[in-house]
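Per the numbering used here, the sequence shown starts with residue 32, numbered consecutively.
Glycine residues also receive a C-beta, built at the ideal position from the N, C-alpha and C atoms.
On a predicted model such as this, the values are computed, not experimentally measured, just so you know.
Below is one structure; the comments refer to it alone.
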Amino acid sequence: MIVKLFTFWRLGLFLVTYLGSLVLPKIENGGLGAIGKGHTFNFWTSWAQWDGGHYFGIAESGYLLFSDYAFFPLFPFLVRVVNLLLGNLILSGLIVSNIAFLIFLLIFFKVIKEKYSPKVAQLTIGTFLVFPTTFFAVAFYSESLFLLLCALTFLLLSRKKFLFAAIATSLASLTRSPGVILIISIFYSYFATIHFKPRLIDKRFLYILVAPFGFIFYGLYLFFKVNDPFKFLTIQSSWERSVIDPITTFVSYIWVIATGQQRPINDYFDLALTLLFLAILILGRRKIPSSWWIFSMAVILLPASFGTLTSMPRYLLSSLGSFVIIAQYLKERPRLRIVLWSLSLFSQAVLATRFILGYWVA
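Below is the structure:
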């Protein structure tokens with residue numbers, strides 16, 4: 032069922048974005064596939080615009096620019112490996128993303144089905160697929176690989192397979208910086224298993240110590256390469272980001288809007304969607320396991336700690352517990368489900384098309 036649903040959704044996304052690219056105006060942004068680099072528009076390469084261009088460059092030539100260090104290496108490494116077989120970097124990246132996303136959906140469905148019911152699992156997957164920024168999961172981005180490793184971690188934790196969960200967490204922390212948050216979830220899950228009694232600690236505790244290895248590995252690479260193991264943090268200033276606290280970020284956004292200052296429409300969308308997800312997690316606290324809740328909340332607060340909510344609609348994809356909570360609310364509200372899914376799917380079509388045309392989305 033999941034494979035058919037994914038195929039139908041993927042075909043629909045292709046048709047909408049391809050037809051949009053034929054009839055709607057494009058902008059010059061200098062990105063891959065765009066019309067600002069002295070070449071004609073390319074539909075497939077346009078799936079690697081914006082951050083995708085950095086992943087493309089890393090997969091093609093390694094870390095050549097300081098700004099590239101903000102992008103963790105596992106996704107471009109896998110793309111490079113697949114490219115050895117295919118000889119087409121764009122195709123390789125899109126294959127990795129699409130296959131990873133399909134596997135994620137299968138695992139996520141299994142996790143929710145085992146914890147709740149087939150109905151809740153179906154609604155969770157449906158809600159996830161129609162979310163406005165889900166198209167990033169099949170673009171030349173690391174989102175799908177990260178989602179796959181997160182879902183795999185939670186599946187393994189539910190079965191008390193701590194060593195394999197730690198390995199999946201380690202790989203997630205080598206894919207995107209929020210992967211380090213999974214380390215908190217895996218430690219919490221272990222101590223919950225032993226009822227938070229230190230005297231019951233056993234050899235499984237040694238297993239979960241594997242979880243930070245991916246993050247440590249990238250830090251060591253940066254140390255030997257540029258003498259700064261936290262270069263992925265210090266380079267954030269290239270995107271006008273600075274480490275503060277999330278509350279200050281939210282207050283500054285609300286203040287700017289409340290005082291009537293002119294801001295791009297994206298800022299309103301970023302703030303509204305982020306606050307909505309925070310409210311969902313707070314109100315639905317008891318509807319998901321604590322380890323899921325911790326991770327789902329932290330993947331929102333971590334990027335918000337850099338003084339901006341830019342890209343937050345994309346980052347919200349990782350707040351997996353939020354989608355489970357939404358699905359439980361929609362289970363007994365079919366009319367609300369139709370309205371919400373329709374609006375969300377329409378937004379996805381608009382945003383995906385704008386992304387292909389060269390506009391910034393998230």
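Of the residues LEU137, SER92, TRP78 and VAL47, the one placed nearest MET32, counting alpha carbons only: By one-based count along the sequence shown, residue 32 stands at place 1. The residue from LEU137, SER92, TRP78 and VAL47 with its alpha-carbon nearest to that of MET32 is LEU137.
CA-to-CA distance, ILE58 to GLY67, given in whole angstroms: Start at 1 with the first residue of the sequence shown, and residue 67 comes out as number 36. Start at 1 with the first residue of the sequence shown, and residue 58 comes out as number 27. At GLY67 the pLDDT is 49, less than 50, meaning the model places this residue with poor confidence; the figure from the coordinates comes in the next sentence. Each residue's CA atom was taken as its position, placing GLY67 and ILE58 some 8 Å apart.
How is GLN267 classed by DSSP in three states: helix, strand or coil? Within the sequence shown, the letter at position 236 stands for residue 267. DSSP places GLN267 in the helix class (H, G or I) of the three-state scheme.
Within a Cβ cutoff of 8 Å, which residues of the same chain sit near GLY43, ignoring the five residues on either side of it in sequence? Within the sequence shown, the letter at position 12 stands for residue 43. Hits under 8 Å: none found.
Roughly how many angstroms lie between the CA atoms of PHE171 and ILE212, to the nearest whole one? Residue mapping note: residue 171 aligns to position 140 of the sequence shown, counting from 1. Residue mapping note: residue 212 aligns to position 181 of the sequence shown, counting from 1. When the Cα atoms are used, PHE171 and ILE212 turn out to be separated by approximately 23 Å.
Give me the residue from TYR100, ARG235, ILE130 and ALA101 with the minimum Cα distance to VAL113. Taking the first residue of the sequence shown as position 1, residue 113 is located at position 82. The residue with the shortest Cα to Cα distance from VAL113 is ILE130.
What's the C-alpha gap between LEU314 and ILE357? Here the question's residue 314 lines up with position 283 in the sequence shown. Here the question's residue 357 lines up with position 326 in the sequence shown. Distance between the alpha carbons of LEU314 and ILE357: 11 Å.
For GLY67, three-class secondary structure by DSSP: Position 36 of the sequence shown, counted from the start, is the residue given in the question as residue 67. With a pLDDT of 49 at GLY67, under the threshold of 50, the predicted position of this residue should be treated as unreliable, and no value is reported.
Below 7 Å CB to CB, which residues in the same chain sit around PRO344 once its five sequence neighbours on both sides are set aside? The residue labelled residue 344 in the question sits at position 313 within the sequence shown. If we look at PRO344 and ignore the five residues flanking it on each side, its Cβ neighbours are PRO163, THR164, PHE300, ASP301, LEU304 and ALA393.
By how many angstroms is the C-alpha of TRP81 removed from the C-alpha of PHE45? Along the sequence shown, one-based indexing puts residue 45 at 14. Along the sequence shown, one-based indexing puts residue 81 at 50. Those two C-alpha atoms are separated by around 19 Å.
Ends of the alpha helix (DSSP H) at GLY83? The sequence position of residue 83 within the sequence shown is 52, counting from 1. 82-92 is the span of the alpha helix (DSSP H), which, as asked, contains GLY83.
Length of the line joining the Cα atoms of THR76 and GLN292: Here residue 76 refers to the residue found at position 45 when the sequence shown is read from its first residue. Here residue 292 refers to the residue found at position 261 when the sequence shown is read from its first residue. Roughly 36 Å separates the two Cα atoms.
Under 8 Å, with one C-beta from each stretch per pair, do the stretch 113-129 and the stretch 322-335 reach the 3-pair mark? Touching, no.
Ends of the alpha helix (DSSP H) at TRP372? In the sequence shown, the residue the question calls residue 372 occupies position 341. Where TRP372 is concerned, the enclosing alpha helix (DSSP H) stretches over 365-388.
Provide the residue span of the alpha helix (DSSP H) that contains ASN114, from first to last. Counting from one through the sequence shown, the residue named residue 114 turns up at place 83. Run containing ASN114: 105-117, per the alpha helix (DSSP H) assignment.
Would you kindly report the start and end of the unbroken alpha helix (DSSP H) that includes PHE246? To locate residue 246, count along the sequence shown from 1; it is residue 215. First-last of the alpha helix (DSSP H) with PHE246: 244-257.
Boundaries of the alpha helix (DSSP H) in which LYS35 is found, first to last residue: Residue numbering aside, residue 35 sits at position 4 when the sequence shown is read from its first letter. Membership of LYS35 in the alpha helix (DSSP H) is indicated by the continuous run 33-54.
Contacting residues, own chain, Cβ-Cβ under 6 Å from SER273 (five flanking each side not counted): The count along the sequence shown starts at 1 and reaches residue 273 at position 242. Contacts found: GLY338.
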